[in-house]
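Quick notes on the structure that follows.
Number of protein chains: 4
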Amino acid sequence: MKQKRPKYMQIIDAAVIVIAENGYHQAQVSKIAKQAGVADGTIYLYFKNKEDILISLFKVKMGQFIEQMNEEMKTKHSATEKLALFIRKHFELLSGDRHLAIVTQLELRQSHRELRLKINEILKGYLTILEDIITEGIEAGEFKSTLDVRLAKQMIFGTVDETVTTWVMNDQKYDLPQLADSIHELLIHGFSHGNKEEK
Amino acid sequence: MKQKRPKYMQIIDAAVIVIAENGYHQAQVSKIAKQAGVADGTIYLYFKNKEDILISLFKVKMGQFIEQMNEEMKTKHSATEKLALFIRKHFELLSGDRHLAIVTQLELRQSHRELRLKINEILKGYLTILEDIITEGIEAGEFKSTLDVRLAKQMIFGTVDETVTTWVMNDQKYDLPQLADSIHELLIHGFSHGNKEEK
Amino acid sequence: MKQKRPKYMQIIDAAVIVIAENGYHQAQVSKIAKQAGVADGTIYLYFKNKEDILISLFKVKMGQFIEQMNEEMKTKHSATEKLALFIRKHFELLSGDRHLAIVTQLELRQSHRELRLKINEILKGYLTILEDIITEGIEAGEFKSTLDVRLAKQMIFGTVDETVTTWVMNDQKYDLPQLADSIHELLIHGFSHGNKEEK
Amino acid sequence: MKQKRPKYMQIIDAAVIVIAENGYHQAQVSKIAKQAGVADGTIYLYFKNKEDILISLFKVKMGQFIEQMNEEMKTKHSATEKLALFIRKHFELLSGDRHLAIVTQLELRQSHRELRLKINEILKGYLTILEDIITEGIEAGEFKSTLDVRLAKQMIFGTVDETVTTWVMNDQKYDLPQLADSIHELLIHGFSHGNKEEK
DNA sequence: GATGAATGAGTTTTCATTCAT
DNA sequence: AATGAATGAAAACTCATTCAT
C-alpha cells in the first residue's frame with residue numbers, strides 16, 4: 002500500500018501547509034516539493050499528477066475523519082446523542098487543525114469542477130454516517146416519522162459546514178466546538194417554542 | 002443596432018451563460034465578448050478587468066434578488082411566514098434561471114480568494130434580510146427567546162444553500178421550490194416530535 | 002496650409018506636454034486629444050496617424066529653431082562668433098522650454114527606428130547651419146585647413162546634445178546657457194595649452 | 002549537447018542578434034528563445050523577465066568593454082595617449098561587433114525610461130575611465146588647468162557616441178577606427194590653428 | 001468639421017510535467 | 001529511487017484608428 006511509504010504522507014502534509022499558507026492558486030507543485038523536502042520530480046513517483054495530490058489529501062484526511070467519528074460513535078446509543086457527537090466531533094476535528102480547516106473550507110473549493118465532483122464522491126462516505134444516524138433516529142421514534150432523510154442530511158451538513166466556513170473566514174477567532182450544543186438543540190427542536198399547539 | 006439593452010447588461014448576461022456552459026476556468030474574456038456580440042476590447046469600456054465582470058455580475062443579480070425578496074416580504078406579517086417566503090423565493094429565483102444557479106452554486110466558488118471576499122461582502126446585504134426575520138421572530142415571541150441570531154442565520158443559509166447546490170449537482174432534475182415547506186417545517190420545529198417532554 | 006488652422010498647433014502643443022509629463026509610451030492619442038481639448042477622432046482630421054503628430058511636432062519646433070537661429074546668425078560675421086552663437090542659442094532655446102527639452106532629449110528617442118530616421122532627415126536641415134559655419138571658418142582661415150567638416154559637425158553636435166541630455170537627466174537643475182562659452186572655447190582650442198610646440 | 006557555453010550567455014548573444022536584426026520592438030522573447038535554441042520558458046530560468054535580459058546584456062557587454070579598456074590602458078602613461086587609446090578602442094570594440102553596435106546605438110535607446118535609467122547607471126562605470134584620464138591630464142599639466150572635467154567628459158563621450166551612431170546609421174560602410182586620430186587631435190587642439198595669439 | 005463608441009490584433013509569463021542522469 | 005533542468009501551451013488587456021451620427 003502506497004500510504005505506508007513515508008514520503009507519501011510527507012507530501013500530503015506539505016500540500017496542506019502550502020495550500021493553507023499560499024492559497025490554492027499559489028500552491029505550485031514546486032512549492033509543495035520544497036516544503037516536503039523532496040525534488041519536484043519525486044512528487045510524480047507517488048502521485049499521478051497534481052490533482053491526484055489534492056484528491057489523495059482529501060481522501061486520507063477524510064478517512065481519518067471517518068475513522069475517528071465511527072470509533073467514538075460506538076459509545077453512543079441514541080440517534081440524538083450520536084447527532085450531538087457528530088456535530089461536536091466535526092467541529093473539534095477541524096478546529097484542531099487550522100491548516101486543514103482553511104484547506105477544506107476555502108481553498109479546495111476553488112478547484113476545478115471535475116476535482117470537486119471527485120471530492121464529493123469521497124464526501125459521500127462521510128455523509129453516510131449522517132444518513133445512518135437519521136434513519137436510526139426515525140426507526141427508534143426519536144425523530145418524526147415523516148422526516149425526509151435527504152433533506153435532514155442536507156440540513157445538518159449545510160449547517161455545520163456553513164458554521165465552520167464562517168468561523169474560518171473570521172480567522173478562527175472564537176471557539177467552534179462550544180457552538181455544537183446550540184446547533185444540536187436547534188436541529189432537534191427548531192426555532193420555535195416547545196408546544197406545537199401554538200401553531 | 003441589434004440590441005437596445007445597454008452593453009453593460011448584455012455583457013453580464015453573456016458572462017452568466019458562458020461561465021455556466023464552459024465553467025469558470027474556461028470562461029475566457031474573448032468567449033464572453035463573442036457571446037455578448039461585441040469585440041473583446043469593448044468589454045473593457047464597461048468593466049475594469051475580468052474580475053470586475055464577475056463582481057458586477059454577482060452584484061447585479063444579487064441586487065435584483067434582494068429587491069424581489071423585499072418586495073414580496075411586505076405582504077407577510079409574521080416572521081414564520083416571512084421565513085417560509087424567504088426559502089421558497091430563494092428556491093424559485095434560482096430554479097428560474099438555470100444558468101445563474103450553476104454560476105452561483107458551482108462556478109463562482111472557484112474564484113480567487115480575493116474575489117470571494119468581495120462576493121461575501123455583497124452577500125451580507127442578502128443575509129441581513131434573514132437577520133431581520135429572525136430578530137422579528139424572537140421579538141414577536143414566535144421563535145424561542147434564547148435563539149442565537151448568528152447561528153440561526155447560518156443554519157437557514159447553510160441549509161438552503163446546500164439544498165440548492167445538491168440540486169444543481171444532480172443536474173436540476175427535480176423540483177426545488179416544492180422542498181421549501183418541508184425545510185421550513187424542519188427549521189421551525191426540528192427533527193423531533195412536537196412534545197419536548199420526551200426529552 | 003494646415004499649420005494655420007488653430008487646432009493643428011493646439012494638438013502639437015498638447016503632444017509636447019503629454020509626452021513630457023507621461024513619457025513617450027504613456028502618451029496615448031486619447032490623452033493628447035484630451036489635453037488639446039478635442040475629441041480623439043478630431044486628431045485624425047489634422048494628422049495622418051500618431052507618428053505624423055510626432056514628426057510634425059519635431060518639424061514645427063525644429064523649423065522655429067532654425068528660423069531663430071538663422072535670424073540671429075546674420076548679426077555675426079566670423080565663424081568663431083557664429084559657432085559661439087550657435088551653442089548658446091541651442092542651449093537657450095531648449096532651456097527656455099522645459100517640456101520640449103524632455104521630449105527631444107529623452108522621449109522622442111524611444112520612438113521606432115523608422116520614426117527616428119525621419120527625425121534625422123529633419124535634423125539635417127539644422128546640421129546644415131553647422132556645416133556652413135565650419136566651411137566658412139575654414140575658408141576664412143579661422144579654423145585649420147585640414148579640418149574634416151563631417152567630423153567637426155559630429156563633434157559640435159555630439160557635444161551640445163550630450164550636454165543638454167545630461168542637463169535634462171539631472172532635472173534641469175543648473176543653468177545651461179552659461180556652459181556655452183566654456184564649450185566653445187574647448188571646441189576651438191581643445192584640451193591642451195595654447196602652444197602646439199609642446200607636442 | 003550542442004553548446005558548451007552556459008545558457009545564460011547563449012541567451013544574451015541571441016538577444017543581441019535578434020534585436021539587431023529585428024529591432025527592439027520586434028524582438029519578442031519567443032524569437033530570442035528560438036535564436037538561442039532553447040524553449041521560451043527556459044529564458045525565465047536565467048532571467049527574471051524580458052527587461053532583465055536587456056539590462057544583463059548591457060551589463061555583460063559593458064563589463065567586457067571596461068575590462069578590455071582598462072587592460073590596455075595600463076600600457077599607456079600619458080593622459081593624451083590614454084585618450085587616444087580610449088577613442089580608438091571604443092571604435093574598435095563597436096566596429097568589431099556589428100550587431101552589438103546596432104543594439105547599443107539605436108535599439109536599446111528605444112527602451113522604456115526606467116530601463117534607460119538602469120543602463121545609464123551601468124554606463125557611469127565606463128565614464129569613470131574618462132574622468133580619470135581627464136583628471137590625470139590636468140594634474141600632469143597635459144591639459145589646461147581650467148579644464149572642466151564634467152564638460153570635457155561630455156564632449157569626449159558626446160563626440161565618440163555621435164560618431165558611432167552616424168556610422169551605424171550609414172550602415173557601417175566606412176572604417177570607424179581610422180577616424181580616431183583625427184578626433185583625438187580635434188579634442189586636444191581644437192578647430193583653430195596652433196597659435197592662440199590669433200585670438 | 002467634430003465626435004467618441006467600438007474595434008481587434010498582438011505578446012509576456014507561468015507552471016505542471018517529463019526524462020536523462 | 002531520486003533529481004531538477006528543460007519544456008511549451010495558453011489568455012488578459014491596450015490603444016491606434018475608424019466611421020456613423
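Residue numbers (our numbering), protein chains in the order written: chain R, 2 to 200; chain S, 2 to 200; chain F, 2 to 200; chain Z, 2 to 200.
Positions of the beta carbon are idealized from the N, C-alpha and C atoms, including for glycine.
Exercise for the section: Taking L86 (chain F) as the reference, give the member of F:H190, F:F192, F:I184 and F:H194 with the closest Cα. Expected result: Numbered from its first residue, the third sequence carries residue 86 (chain F) at position 85. Closest by alpha carbon: F:I184.
Exercise for the section: Name the two residues that bound the continuous alpha helix (DSSP H) containing L118 (chain F). Expected result: The sequence position of residue 118 (chain F) within the third sequence is 117, counting from 1. Looking at the DSSP string, the run of the alpha helix (DSSP H) that includes L118 (chain F) is R114 to E140.
Problem - Cutoff 7 Å; reference R89 (chain F); Cβ partners in own chain excluding five residues on either side - result: One-based indexing of the third sequence puts residue 89 (chain F) at position 88. The answer, listed in chain order, is P178 and A181.
Exercise for the section: Note down, in chain order, all residues in the stretch 144–166 of chain F with a beta-carbon under 7 Å from any beta-carbon belonging to chain Z. Expected result: F144, K145, L148, D149, L152, A153, Q155, M156, F158, G159, T160, D162, E163 and T164
Problem - Assumed close pair L187 (chain S), L187 (chain R) - CB separation to whole angstroms, cut-off 8 Å - result: Indexing the second sequence from 1 puts residue 187 (chain S) at position 186. Indexing the first sequence from 1 puts residue 187 (chain R) at position 186. Incorrect: roughly 10 Å between the Cβ atoms, too far for contact.
Exercise for the section: Determine the contact status of I56 (chain S) and I44 (chain S), defining contact as a CB-CB distance below 8 Å. Expected result: Locating residue 56 (chain S) in the second sequence gives position 55, where the first residue counts as 1. Locating residue 44 (chain S) in the second sequence gives position 43, where the first residue counts as 1. Contact flag unset, no.
Practice task
Pull up the CB-CB distance for S112 (chain Z) and I189 (chain F), whole angstroms please, since I reckon it's below 8 Å.
Solution key: Counted from its first residue, the fourth sequence places residue 112 (chain Z) at position 111. Counted from its first residue, the third sequence places residue 189 (chain F) at position 188. Rounded, the Cβ-Cβ distance is 36 Å, inconsistent with contact.
Practice task
Buried or exposed for Y25 (chain R), please, with buried defined as at least 16 other CB atoms from any protein chain shown within 10 angstroms of its CB.
Solution key: In the first sequence, residue 25 (chain R) corresponds to position 24, counting from 1. Label assigned to Y25 (chain R): buried.
Problem - Assumed close pair L95 (chain F), V165 (chain F) - CB separation to whole angstroms, cut-off 8 Å - result: In the third sequence, residue 95 (chain F) corresponds to position 94, counting from 1. In the third sequence, residue 165 (chain F) corresponds to position 164, counting from 1. With a Cβ gap of about 5 Å, L95 (chain F) and V165 (chain F) count as contacting.
Practice task
Would you be able to state if there are at least three C-beta pairs under 8 Å between the stretch 73–83 of chain F and the stretch 128–141 of chain F?
Solution key: yes
Practice task
In the DSSP assignment, find the unbroken alpha helix (DSSP H) run with R99 (chain F) in it and report its ends.
Solution key: Position 98 of the third sequence, counted from the start, is the residue given in the question as residue 99 (chain F). Note, R99 (chain F): alpha helix (DSSP H), R99 to I103.
Problem - Supposed close pair K62 (chain R), L101 (chain R) - CB separation, criterion 8 Å - result: For the purposes of this step, residue 62 (chain R) is taken as residue 61 along the first sequence, with counting starting at 1. For the purposes of this step, residue 101 (chain R) is taken as residue 100 along the first sequence, with counting starting at 1. Indeed they touch by this definition, with Cβ atoms about 6 Å apart.
Practice task
Return no unless some Cβ of chain F is closer than 8 Å to the Cβ of I67 (chain Z).
Solution key: Translated into positions along the fourth sequence, residue 67 (chain Z) becomes position 66. So, not an interface residue.
Exercise for the section: Could you name the residues of chain S that S112 (chain R) contacts, counting a contact when the two beta carbons are closer than 8 Å? Expected result: Indexing the first sequence from 1 puts residue 112 (chain R) at position 111. Here the neighbours are Q111.
Practice task
Kindly list the residues whose CB is nearer than 6 Å to the CB of F59 (chain F), restricted to its own chain and excluding five residues on each side of it in sequence; keep chain order.
Solution key: Start at 1 with the first residue of the third sequence, and residue 59 (chain F) comes out as number 58. Only I120 and I123 meet the Cβ criterion.
Practice task
Let me know the secondary structure DSSP gives F59 (chain Z) once reduced to three states.
Solution key: On the fourth sequence, residue 59 (chain Z) is found 58 positions in, with the first residue counted as 1. If DSSP states are grouped into helix, strand and coil, F59 (chain Z) belongs with the helices.
Problem - Three-state secondary structure (DSSP) of S193 (chain Z) - result: Within the fourth sequence, residue 193 (chain Z) is the residue found at index 192, counting from 1. The answer is strand: DSSP assigns S193 (chain Z) an E or B state.
Exercise for the section: Round the Cβ separation of A21 (chain S) and V104 (chain S) to the nearest angstrom and send it over; I've been treating them as touching at under 8 Å. Expected result: As a first step, residue 21 (chain S) is located in the second sequence; it is residue number 20 there, counting from the start. As a first step, residue 104 (chain S) is located in the second sequence; it is residue number 103 there, counting from the start. Their Cβ separation, rounded to whole angstroms, is 5 Å, which keeps A21 (chain S) and V104 (chain S) in contact under 8 Å.
Handout entry: Alpha-carbon spacing of I134 (chain F) relative to A40 (chain F), whole angstroms
Key = Reading the third sequence from its first residue, position 133 is the one you call residue 134 (chain F). Reading the third sequence from its first residue, position 39 is the one you call residue 40 (chain F). Roughly 45 Å between the two C-alpha positions.
Practice task
Please list the residues of the stretch 174–196 of chain Z that have a C-beta atom closer than 7 Å to any C-beta atom in chain F, keeping them in chain order.
Solution key: L180, S183, I184, L187, L188, I189, H190, G191, F192, S193, H194 and G195
Problem - Proximal residues, the stretch 18–49 of chain F versus chain Z, C-beta separation under 7 Å - result: G24 and H26
Handout entry: Spatially closest choice to K51 (chain Z) from Z:Q65, Z:G38, Z:V30 and Z:G64, by CA coordinates
Key = Along the fourth sequence, read from residue 1 onward, the residue named residue 51 (chain Z) stands at position 50. Among Z:Q65, Z:G38, Z:V30 and Z:G64, the Cα nearest to that of K51 (chain Z) belongs to Z:V30.
Problem - Element boundaries [alpha helix (DSSP H), containing L95 (chain R)] - result: Residue mapping note: residue 95 (chain R) aligns to position 94 of the first sequence, counting from 1. Per DSSP, L95 (chain R) belongs to the alpha helix (DSSP H) from A80 to S96.
Practice task
Using alpha carbons as the reference points, say which of S:Y127, S:E68, S:N23 and S:Y47 lies closest to I1 (chain S).
Solution key: The question about residue 1 (chain S) has no answer here: the residues shown for chain S are numbered 2 through 200.
Practice task
With DSSP collapsed to three states, give me the class of F48 (chain Z).
Solution key: One-based indexing of the fourth sequence puts residue 48 (chain Z) at position 47. Reduced to three states, the DSSP call for F48 (chain Z) is coil.
Problem - Residue from F:Q65, F:N23, F:D176 and F:A28 with nearest C-alpha to M10 (chain F) - result: Mapped onto the third sequence, residue 10 (chain F) falls at position 9. Comparing Cα positions, the closest option is F:Q65.
Handout entry: Where E115 (chain R) falls, given that 16 or more other Cβ within 10 Å makes a residue buried
Key = Sequence index remark: in the first sequence, residue 115 (chain R) carries index 114 (1-based). It counts as exposed.
Problem - N171 (chain F) at chain Z interface by Cβ criterion, 8 Å - result: Position 170 of the third sequence holds residue 171 (chain F). False, the Cβ-Cβ gap to chain Z never drops below 8 Å.
Handout entry: Q173 (chain Z) versus G97 (chain Z): straight-line alpha-carbon distance, rounded
Key = By one-based count along the fourth sequence, residue 173 (chain Z) stands at place 172. By one-based count along the fourth sequence, residue 97 (chain Z) stands at place 96. Near 11 Å, if we compare the C-alpha coordinates of G97 (chain Z) and Q173 (chain Z).
Exercise for the section: Show which residues of chain R have a CB atom less than 8 Å away from the CB atom of G138 (chain S). Expected result: Indexing the second sequence from 1 puts residue 138 (chain S) at position 137. In chain order: F192.
Exercise for the section: Taking only beta-carbon positions, decide if N121 (chain R) is within less than 8 Å of chain S. Expected result: Residue 121 (chain R) sits at position 120 when you count from the first residue of the first sequence. Yes, contact with chain S.
Handout entry: Option nearest E132 (chain Z) by Cα separation, candidates Z:G142, Z:R110, Z:G42 and Z:F158
Key = To locate residue 132 (chain Z), count along the fourth sequence from 1; it is residue 131. The option with the nearest alpha carbon to E132 (chain Z) is Z:F158.
Exercise for the section: Report the residue from S:L109, S:L118 and S:F144 whose alpha carbon sits nearest the alpha carbon of I18 (chain S). Expected result: Stepping through the second sequence from its first residue, residue 18 (chain S) is reached at position 17. Minimum Cα distance to I18 (chain S) is reached at S:L109.
Handout entry: Under 7 Å from the C-beta of L107 (chain Z): neighbouring residues of chain F
Key = Residue mapping note: residue 107 (chain Z) aligns to position 106 of the fourth sequence, counting from 1. Neighbours of L107 (chain Z) on chain F, chain order: R114.
Handout entry: Beta-ladder partner(s) of F144 (chain F), from DSSP
Key = Here the question's residue 144 (chain F) lines up with position 143 in the third sequence. Per DSSP, Z:S193.
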